[in-house]
Amino acid sequence: MIMDKKILFPQVGGLLHGGDYNPEQWLDRPDILEKDIEYMKEAGINVVSLGIFSWAVHEPTEGNINFDWLESIMDRLYENGIYTVLATPTGARPAWLDEKYPSAMRCDEMGVRAHHGLRHNHCMQSPEFREKVRIMDSALGKRFANHPAVLMWHISNELGGYCYCDTCRKKFQEWLADRYDHDIEKLNKAWWTTFWSHKFNSFDQIDPPYKNGENCVMGLNLDWKRYNTWSATDFMKFEIDTLRQAGAAQPTTTNYMEMFYDYDYAYMSKFIDVISWDNYPEMHNNWQSDAEHLLERSFNHALFRSLKPEQPFMMMESAPGLVNWRPYNKYRRPGMHRLISLQAIATGSDTVQYFQIRKSRGCSEQYHGAVIDHIGTNDTRVFKEVAGVGRDLAAISDVAGTIAKNEVGILFDWDNRWAVDDAWCLSNETKNYDKTCMSIYNEFMSLGVEPNIISSDSDWSGYKVICAPMLYLLHDGIGEKISEFVRAGGQFMATYFTGYVNESTLTWLGGFPGDGLSEVFGLRSEEIDTLYPEDEVSISVKKDASNFCSVSKAGELVSTGKASQNSLGIGHVAVHDYQEMLRDVSADVLAVYDNDYMAGKAAITRNKYGAGMAYYVGCRTDQADIEFIYRAMLDAAGIDYEKLPVGVEKHTRFGDGVQYDFYMNCTEEDVCLDGVYGVDLLGGDSDANAMSDARVSGDVGVAGQLRLGRYGVAVVKH
Ligand code: GLA
Ligand code: ZN
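When we follow numbering that gives the first Met the number 0, the leftmost residue of the sequence shown carries the number 0, and every step to the right adds one.
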């Protein structure tokens, strides 16, 4: 597969290694600042993020802006080969600003204004705050538009949250008026407001869903979340436009957060150049194996990668050693830092960046992990592990600009996620939309096939297999998009709770799934039943269901899960949480319910539609128990797969005719993989003792067998 590389930062020539650096906290300690540079070079650090929380230093009193300190530090770093990701400082406000312009401070969901303090809590629509931001950002933009050290602009920091102030209330009303063509009856219809006498006469009667106000109108709740995505994006665009008007042309990013709930990142991403996110795994926790936890990281990486799949993304932050804001803050065990760092590269990041280079001496982050600790030396375990990652990144620098090319997509949609959670049905304890998407991702990963995470409106043309779990809400046109995908030969899998409501959260009439999808799947759903955890429900997979896939036979089928085999030679699979009663089934039935009033009725089906196949899984099972469906879809799509040992991840990046397969052993036990050929760019590393100064990376041929020790990683080029 020949694909061109998409190099994000040609001036760097390789992968980026570095992180948030706050030299403004140490301006009276030039000795420390000098040491930092020496240590950064030793650790192979070539980039820092500057100015994220520097507003009070940039502008100590209103209008008194001075960037000399910043420029001299930036110059000094640059002389030493360290580039800058330059932030707009809007993540936190100086005291003088809030004192003079209280509208900058956010109001909570009761409408109560916050006091000054903390960070990330401004009103994104406050005109006074905007004006101060405009002055600051244009000054920054003008000053650093042509500075050779500036790689890119980092807009604010971790944008998040909603504001319920009067300005935002008015903005919301205007936004609604635009959305509903200034026709209040359109809104009333879309929101079904005759219910409980909730009809509005005009847009200016509408409040945000205050905690002590109207929060039982699903359409209102969903539009409020959409509006807030718009508002945050509007703020971000305002900052970007301001920089551009000041002449700054460098690419832009804003740092995203894992599985972030507040805003629809698929929408926001249209307005920035590069995707970046902050990755804070909770390793060695007490509820999950490290391998399971790392797989959740992979899902997140895939989510962010897929927002701009045509180019690499950035891991903008991660913790050297540990974080300090969790209920339990545990250090990463030796070697884990390396595994987490290389996982980012494996999944498509061109950077390993940290929060933070040096620990602050006081305040709430003084005990958060950093490359350089309070002890101030370069011989700490964490420093050595960071330096080891620096050497690894240098050894695999050719990977920069290569991209993943995945043909399996998992549909993960913010509107749907919000609507699922807000629907008054099922059980709020077990809806688990996010986890359900992840479990499907995990199933493909166990087969050595990495999916992308796509949305309703992304370009589906590169995908051969798409799974859309719990696609409760159907955007306008999505029914036709799915039909078209299947008709043209795609393999599509839907589950229980599909196609219940339209874009406004009004139910589809005439049977679920709506919008023409009952024809695609060859069935309608009549009931969805919620199970208690202790309910014992199962389905029987028909023996000939396994004939649909080349690999599984009935015997193998049952051995892939917890299922047992009954006397009829049929595999039983346990059902959890939800079971749908299907009717009008014209599709082939692959599995039927065993128990209770649904016994004998269709539970899993597949329907030939056009040139493709539409699978419907009407109940929740462990994905491993229905692996035959995944195999069948991959077989039909002509995608190679091979079961990986438990705890091993495989990721692939392509570019300029070269392929890099990353193998990660996320367990503490040695593993051996067969059928691997090429050159391991991290060869000689089978024990993965990342702490050891002596570990050297080098090219080592792999001819069939690849052995990976505890937390071992191989980057096999071929
Ligand atoms: C976030 C922020 C950083 C820092 C880290 C600590 O990601 O962006 O400023 O507070 O958390 O983990
Ligand atoms: Zn506000």
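C-beta atoms are modelled at their ideal positions from N, C-alpha and C, and glycine is treated no differently.
Proximity below 8 Å, CB of residue i to CB of residue j
i, j, result
"residue 263", "residue 159", "no"
"residue 406", "residue 462", "yes"
"residue 536", "residue 591", "no"
"residue 221", "residue 414", "yes"
"residue 337", "residue 320", "no"
"residue 618", "residue 667", "no"
"residue 486", "residue 609", "yes"
"residue 117", "residue 8", "no"
"residue 419", "residue 469", "yes"
"residue 662", "residue 705", "yes"
"residue 365", "residue 46", "no"
"residue 640", "residue 447", "yes"
"residue 101", "residue 54", "no"
"residue 322", "residue 361", "no"
"residue 471", "residue 496", "yes"
"residue 312", "residue 347", "yes"
"residue 276", "residue 314", "yes"
"residue 141", "residue 402", "no"
"residue 318", "residue 42", "no"
"residue 586", "residue 522", "yes"
"residue 163", "residue 108", "yes"
"residue 504", "residue 217", "yes"
"residue 499", "residue 511", "yes"
"residue 19", "residue 354", "yes"
"residue 682", "residue 698", "yes"
"residue 502", "residue 458", "no"
"residue 669", "residue 707", "yes"
"residue 716", "residue 659", "yes"
"residue 620", "residue 678", "no"
"residue 433", "residue 258", "yes"
"residue 119", "residue 97", "no"
"residue 134", "residue 175", "no"
"residue 26", "residue 68", "yes"
Presumed contact (8 Å Cβ cut-off) between residue i and residue j, rounded CB distance
i, j, result
"residue 57", "residue 22", "Wrong, their Cβ atoms sit about 13 Å apart, outside the cutoff."
"residue 408", "residue 465", "5 Å"
"residue 714", "residue 672", "Residue 714 to residue 672, Cβ: 14 Å. No contact."
"residue 243", "residue 35", "That pair is no contact at about 32 Å."
"residue 2", "residue 649", "Not confirmed; about 18 Å, so no contact."
"residue 399", "residue 13", "5 Å"
"residue 91", "residue 143", "Actually they are not in contact, since the Cβ atoms of residue 91 and residue 143 sit about 20 Å apart, beyond 8 Å."
"residue 32", "residue 72", "7 Å"
Residue(s) in a DSSP beta bridge with residue i
i, result
"residue 10", "For residue 10, which the question treats as bridged, DSSP gives no partner whatsoever."
"residue 312", "348"
"residue 601", "591"
"residue 410", "453"
"residue 122", "Paired residues: none, contrary to the question."
"residue 649", "662"
"residue 620", "Its beta-bridge partners do not exist; DSSP assigns none."
"residue 577", "529"
"residue 491", "465, 613"
"residue 255", "276"
"residue 606", "613"
"residue 354", "19"
"residue 153", "86, 252"
"residue 716", "659, 678"
"residue 104", "121"
Distance cut-off 7 Å: residue i Cβ against heavy atoms of ligand 4
i, result
"residue 254", "No copy of ligand 4 appears in this structure; the ligands present are ligand 1 and ligand 2."
Any chain C beta carbon closer than 8 Å to residue i
i, result
"residue 224", "Going by chain labels, chain C is absent from the structure shown, which holds only one protein chain."
**Study point:** Three or more C-beta pairs below 8 Å linking the region 589 to 609 and the region 480 to 494
**Key:** yes
Check your understanding: Would you say the region 292 to 304 touches the region 167 to 178, given that touching needs at least three Cβ pairs under 8 Å?
Key -> no
Check your understanding: Quick one: any contact between the region 302 to 320 and the region 452 to 462, if contact means 3 or more CB pairs under 8 Å?
Key -> yes
Practice item. Answer yes if the region 422 to 437 comes into contact with the region 522 to 531, meaning at least three C-beta pairs across the two stretches below 8 Å, and no otherwise. Key: yes
Exercise for review: Assess, as a yes-or-no matter, whether the region 142 to 157 is touched by the region 69 to 86 under the definition of 3 or more beta carbon pairs within less than 8 Å.
Suggested key: yes
**Study point:** Validate contact between the region 272 to 285 and the region 243 to 254 using beta carbons, cut 8 Å, 3 pairs
**Key:** yes
**Study point:** Stretch-stretch touch, CB-based, cutoff 8 Å, three pairs: the region 127 to 136 with the region 73 to 80
**Key:** no
Review point. Using 8 Å as the Cβ pair cut-off and three pairs as the minimum, do the region 118 to 127 and the region 179 to 199 touch?
Key: no
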